[in-house]
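As structure tokens, the structure follows; a few thoughts come after it.
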Amino acid sequence: MAPTPLRDPSPGSIIPHMGNLSQGRHTAEHSSAIVARGLVVRRGKNEVLHGLDLDVPSGQLVGLLGPSGSGKSTLMRAIVGVQLVESGTIAVLGTPAGDPSLRHRVGYVTQAPSVYADLTVEENLKYFASVLGTDGDAVARAIEAVDLTRYAKTRVSRLSGGETSRVSLAVALVGEPEVLVLDEPTVGLDPVLRRDLWALFARLAADARTVLVSSHVMDEATRCDRLLLLRNGDLLADVTLPELFERTGADDADQAFLTLVERTEVAR
Amino acid sequence: MNVHRTLATSARVLRQLRHDPRTLVLLMGLPCLLLWLIAWMFEGTRVLDQFGPLLLGVFPLIVMFLVTSVATLRERKSGTLERLMASPLGKVDFVLGYGLAFGLVATIQAVVVTTFSVGALGMDMPGPLWAIIMVAALVALVGTSLGLVASAFASTEFQAVQFMPAIIFPQLIVCGLVMPREQMPAALEAISRAMPLTYGVQAMKDLSMSGDPGQIWSEVAVLVAFIVGAIVLGSLTLRRRTA
């Protein structure tokens, strides 16, 4: 029995998600950038996602939070269309995920920095820009956005880990996609950089882009417009932070998550 | 297929190589060194004239196979391939991009090694230079496309390197370098016909015997067919979606 996700804003109530589904479908056409229904993904012998229903509103900064191994990366791979899906549907911008027309519109940053270490920052971006068919200014803008302008001519192998992951992020920005899927982009970065990156994500969302950021650090919840809490491949909650606090009676994100986990375990 | 994206990929691969001067020196210098060793060992004999041209056809296969399988494996491991597969880049663009970049490197290698062998070592080669370089470049493309295919079946660098003896050595043994193919047992001779290197070595042999490049066209045609087949196969091994 899957735990029921929390969707209703009224405090303390748990609405079975079936009741919410028809309504979700209607609004999905207009306001949801990403819609998943009954998504099942198997990796090897393990079923990672067990019939997930999900709506990511467009133009918002949405945090996908959950512990390691909860299925965040798998869900993100499914959204960008590089994951083989067992059953269920997943649509991005109203088109099935992985459709060729989406390759220009969705930016993706994998957990490990996926750039060419033997090229300079600028050479990396120029290559991905020409694959996406964007102009030269986009390269400079993307480097500027991640604050690496002074390292533009430096080879990525000479950069620190945090700088390398920012190069990877810049590559996702260079195509100026409508939907950005970022897998733990702030892990291992210092507090100042984390703050700056979250400010960048907020600016992108304010620019009407949908930004889905995963993290296993619950505190990062405070920086998101909306939260998706994932655990063992099930969606525990789809809420805003104030709603989450109200519902759980907790006053920090970690505690709120623990409360939710305990509740769903009791519900089982 | 998209010409712009294919060329962008080639340019990127070449840029990576440019940042790696040691590999470039090894690519160009090592075959020269090996041929010089042969010339030195068999000084005063015709061994260099007989085997030198055949080696010119063998080096590009080995080198480009290794370079490509390692480079592609790196793309798979580093996540850059996954990123490209989520981008508008076509699979054929990726494979052709690599093929063109390494084909160009192989052509330069052929120019350097041939010039060195003929100029400095005094190798006697009646065939025209352009024909030798063309055959060397085609063999290199065979190596590149086979390397792309092999990398799909390797999940570690150790495995990738092991594919060299698995895929290249059998070709070396039956290609006519070790023993003329006419003297081989019929079964081995038949196997040699299924191997691309056989045609590269045969073309080089023809060019070392006569100055007329007209007789190598059938071998060239077979090499091109192998390249096209391996590029198609290489593209098929790339998956947009993985488990």
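Note that the protein sequences, when read in sequence, are chains A and B. Heads up, the first sequence is in this note's numbering, so the first residue is 59 and it goes up one at a time. Heads up, the second sequence is in this note's numbering, so the first residue is -16 and it goes up one at a time. Idealized CB from N, CA, C, for every residue including glycine. Please read all numbers here as calculations on a predicted model, not as lab measurements.
L227 of chain A versus A:L206, A:A266, A:H108, residue with shortest Cα-Cα distance: Within the first sequence, residue 227 of chain A is the residue found at index 169, counting from 1. Minimum Cα-Cα distance from L227 of chain A among the listed residues A:L206, A:A266, A:H108 corresponds to A:L206.
T225 of chain B, buried or exposed, once every other Cβ within 10 Å from all chains shown has been counted against 16: For this step, residue 225 of chain B is matched to residue 242 along the second sequence. The residue is exposed, with fewer than 16 neighbouring Cβ atoms inside 10 Å.
Expected contact under 8 Å - CB spacing of V41 of chain B and L155 of chain B to nearest Å: Counting from one through the second sequence, the residue named residue 41 of chain B turns up at place 58. Counting from one through the second sequence, the residue named residue 155 of chain B turns up at place 172. Contact between V41 of chain B and L155 of chain B holds, since their C-beta atoms are separated by about 7 Å, short of 8 Å.
Minimum Cβ-Cβ distance from S191 of chain B to chain A less than 7 Å: Residue mapping note: residue 191 of chain B aligns to position 208 of the second sequence, counting from 1. No, S191 of chain B does not count as interfacial toward chain A.
Contacts of D193 of chain A in chain B (Cβ-Cβ under 9 Å): Locating residue 193 of chain A in the first sequence gives position 135, counting from the first residue. Within 9 Å Cβ-Cβ: nothing; D193 of chain A doesn't reach chain B, min ~13 Å.
Contact belief for A155 of chain A with G139 of chain A at Cβ below 8 Å, rounded distance in angstroms: Position 97 of the first sequence, counted from the first residue, corresponds to residue 155 of chain A. Position 81 of the first sequence, counted from the first residue, corresponds to residue 139 of chain A. Yes, they are in contact, since the Cβ atoms of A155 of chain A and G139 of chain A sit about 4 Å apart, within 8 Å.
Residue of A:A314, A:V225, A:E323, A:E180 minimising C-alpha distance to S172 of chain A: Indexing the first sequence from 1 puts residue 172 of chain A at position 114. For S172 of chain A, the nearest C-alpha among the options comes from A:V225.
Contact list for the stretch -4 to 15 of chain B against chain A, Cβ threshold 8 Å: Here the close residues are R(-2), Q(-1), H2, D3.
Of the listed residues B:W200, B:K188, B:S201, B:G212, nearest to V30 of chain B (C-alpha basis): Within the second sequence, numbered from 1, the residue matching residue 30 of chain B stands at position 47. Of B:W200, B:K188, B:S201, B:G212, the residue nearest in Cα terms is B:K188.
Sequence-distant residues of the same chain with beta carbon closer than 7 Å to V150 of chain A, five excluded per side: For the purposes of this step, residue 150 of chain A is taken as the residue at position 92 of the first sequence. Taken in chain order, the residues that qualify are A91, I92, I137, L160, V164, V237.
Ranges of the beta strand (DSSP E) found wholly within the stretch 119 to 182 of chain A, counting only runs of at least 3: List check, beta strand (DSSP E) in window: 119 to 123, 145 to 150, 164 to 167.
Opposing strand residues paired with V189 of chain A [DSSP bridges]: As a first step, residue 189 of chain A must be located in the first sequence, where it is residue number 131. In the DSSP output, where bridge partners are listed per residue, V189 of chain A has none listed.
Range covered by the alpha helix (DSSP H) that runs through G234 of chain B: Nothing in the structure corresponds to residue 234 of chain B, since chain B is present only between -16 and 226.
Under the three-state DSSP convention, the category V275 of chain A falls into: Taking the first residue of the first sequence as 1, we reach residue 275 of chain A at position 217. Three-state DSSP puts V275 of chain A in coil, outside helix and strand.
Contact residues within the stretch 59 to 89 of chain B, judged by C-beta distance below 8 Å to chain A: So the list reads S61, G62, T63, E65, R66, L67, M68, A69, S70, P71, L72, given in the order they occur along the chain.
Nearest residue (CA-CA) to E202 of chain B, options B:V75, B:G27, B:C15, B:Y182: Position 219 of the second sequence holds residue 202 of chain B. It is B:Y182 whose Cα lies nearest to the Cα of E202 of chain B.
Own chain partners of V106 of chain A with C-beta closer than 8 Å, once the 5 adjacent residues on each side are dropped: Position 48 of the first sequence, counting from 1, holds the residue named residue 106 of chain A. V99, R100, G129, T132, G291, listed in sequence order.
Close Cβ partners of V275 of chain A (< 6 Å) along its chain, the five nearest in sequence each way excluded: As a first step, residue 275 of chain A is located in the first sequence; it is residue number 217 there, counting from the start. No residues qualify anywhere along the chain.
Extent of the continuous beta strand (DSSP E) to which D113 of chain A belongs: In the first sequence, the residue the question calls residue 113 of chain A occupies position 55. Per DSSP, the continuous beta strand (DSSP E) segment holding D113 of chain A begins and ends at 104 to 115.
Close-in-space but distant-in-sequence residues of the same chain around T222 of chain A (CB under 8 Å, 5 per side omitted): Residue mapping note: residue 222 of chain A aligns to position 164 of the first sequence, counting from 1. Contacts found: P171, V173, A175, V214.
Proximity winner among B:Q33, B:V(-4), B:E26, B:L49, relative to M147 of chain B (alpha-carbon distances): For this step, residue 147 of chain B is matched to residue 164 along the second sequence. It is B:L49.
Cβ shell of G77 of chain A (< 8 Å), same chain only, five flanking positions each side left out: By 1-based counting over the first sequence, the position of residue 77 of chain A is 19. Reliability of the predicted coordinates at G77 of chain A is poor, the pLDDT of 33 falling under 50, and the value obtained from them is presented with this limitation in mind. In its own chain, leaving out the 5 sequence neighbours on each side, no residue places its CB closer than 8 Å to the CB of G77 of chain A.
C-beta atoms of V78 of chain B and G217 of chain B nearer than 7 Å: Position 95 of the second sequence, counted from the first residue, corresponds to residue 78 of chain B. Position 234 of the second sequence, counted from the first residue, corresponds to residue 217 of chain B. Cβ atoms of V78 of chain B and G217 of chain B: closer than 7 Å.
Cβ neighbour criterion (16 or more within 10 Å) applied to Q92 of chain B: Position 109 of the second sequence holds residue 92 of chain B. With 16 or more other Cβ atoms within 10 Å, it is buried.
Continuous alpha helix (DSSP H) stretch holding L18 of chain B: start and end: Numbered from 1 along the second sequence, position 35 holds the residue referred to as residue 18 of chain B. Taken as a continuous stretch (DSSP letters only), the alpha helix (DSSP H) holding L18 of chain B covers 4 to 24.
Amino acids of chain A, ordered along the chain, whose beta-carbon sits closer than 8 Å to that of A(-9) of chain B: On the second sequence, position 8 is the one that residue -9 of chain B refers to. Residues of chain A passing the Cβ test: Y185, S188, V189.
Nearest neighbour of T168 of chain A, chosen from A:A196, A:S273, A:L97, A:A311 [CA to CA]: Mapped onto the first sequence, residue 168 of chain A falls at position 110. Comparing Cα-Cα distances from T168 of chain A to each of A:A196, A:S273, A:L97, A:A311, the minimum goes to A:S273.
Proximity to E202 of chain A [Cα-Cα], best of A:L258, A:D157, A:P158: Taking the first residue of the first sequence as position 1, residue 202 of chain A is located at position 144. Looking at the Cα atoms, A:L258 is the closest of the given residues.
Spatially closest choice to A119 of chain B from B:V8, B:L219, B:V207, by CA coordinates: Position 136 of the second sequence, counted from the start, is the residue given in the question as residue 119 of chain B. The option with the nearest alpha carbon to A119 of chain B is B:V207.
Neighbour flag for A135 of chain B against chain A, beta carbons, 7 Å: Your numbering for residue 135 of chain B matches position 152 in the second sequence. With a threshold of 7 Å between beta carbons, A135 of chain B makes no contact with chain A.
Proximal residues, the stretch 125 to 140 of chain A versus chain B, C-beta separation under 7 Å: Taking 7 Å as the Cβ-Cβ cut-off against chain B, the residues of the stretch 125 to 140 of chain A that qualify are V138, G139, V140.
CB contact check: L270 of chain A to chain B, cutoff 7 Å: Residue 270 of chain A sits at position 212 when you count from the first residue of the first sequence. No, L270 of chain A lies away from the interface with chain B (no Cβ there is under 7 Å from its Cβ).
Secondary structure of S70 of chain B, DSSP reduced to three states: For the purposes of this step, residue 70 of chain B is taken as residue 87 along the second sequence, with counting starting at 1. Correct three-state label for S70 of chain B: coil.
Within chain B, partners of R95 of chain A - CB distance below 7 Å: One-based indexing of the first sequence puts residue 95 of chain A at position 37. Result: empty, since nearest Cβ-Cβ is about 19 Å, beyond 7 Å.
Proximity test, Cβ basis, 7 Å: A226 of chain B and chain A: Here residue 226 of chain B corresponds to residue number 243 of the second sequence, with the count starting at 1. Interface annotation, A226 of chain B: in contact with chain A, CB-CB separation under 7 Å.
For V239 of chain A, the residue or residues it bridges with in DSSP: In the first sequence, the residue the question calls residue 239 of chain A occupies position 181. Its beta-bridge partners are A:Y166, A:L270.
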